[in-house]
Amino acid sequence: MPLSLQRPRWVPILAWLLAGFFVFGAIGNLLAPPDIAASYRRWGYPDWFHVVTGVLELAAAGLLLLRRTRAAGAALAASVMGAAVLTVLLHRDLGHLPPPLVVLVLSGLVGWGALRAGRS
C-alpha cells in the first residue's frame, strides 16, 4: 500500500500518551494543591475554575483513547492548551509557556492524523 494511503501508526501511540498527560493534569487541577490554586488566582480566574479545567482535561483524555472520537478529543485538548497558552502569554508568565505550547502542537498533530486516518 502506498505510504500516502496508510493509516498513520503514530497517531494512536501519541493519542494515548497525550491522554495520560491530560489525566495527570486533570488530577492536579481537580485536587488543586496550593501552588496550582495560587496560579489560577494570580491569573484572575475564579476559585472554582481549576475544576472546570480538570473536567475538560478528563473529557479530552477519554475522547483521545478511542479512534472514533480521537479527532474531537484532539480538538478539545488543543482548545484547553490554547487557553493555557493565551493565559500565560497575556500574563507574561513565560516560565509556564513551553509545556502547554508543546502539548498544543502535539494535540494538533493527533487531530490531523486522526482526520487523515478517517479518510483512508
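So in the working numbering, the last one in the sequence shown is 124, and the numbering has no gaps at all.
Note that the Cβ used here is the ideal one computed from N, Cα and C, for glycine as well.
- The straight-line gap separating the alpha-carbon atoms of residue 31 and residue 58 is approximately 7 Å.
- Annotation: residue 40 to residue 15 spans about 30 Å, alpha carbon to alpha carbon.
- Residue 29 counts as buried, since at least 16 other C-beta atoms from the protein chains shown sit within 10 angstroms of its C-beta.
- With contacts defined by Cβ atoms closer than 9 Å, residue 121 and residue 77 do not form a contacting pair.
- The DSSP assignment places no complete beta strand (DSSP E) segment of no fewer than 3 residues inside the segment 33-101.
- In terms of CA proximity to residue 66, 22 leads the group 22, 13, 86.
- Around the beta carbon of residue 95, a 10 Å sphere encloses fewer than 16 other beta carbons of the protein chains shown; the residue is thus reported as exposed.
- In the structure shown, residue 13 falls within a coil segment according to DSSP collapsed to helix, strand and coil.
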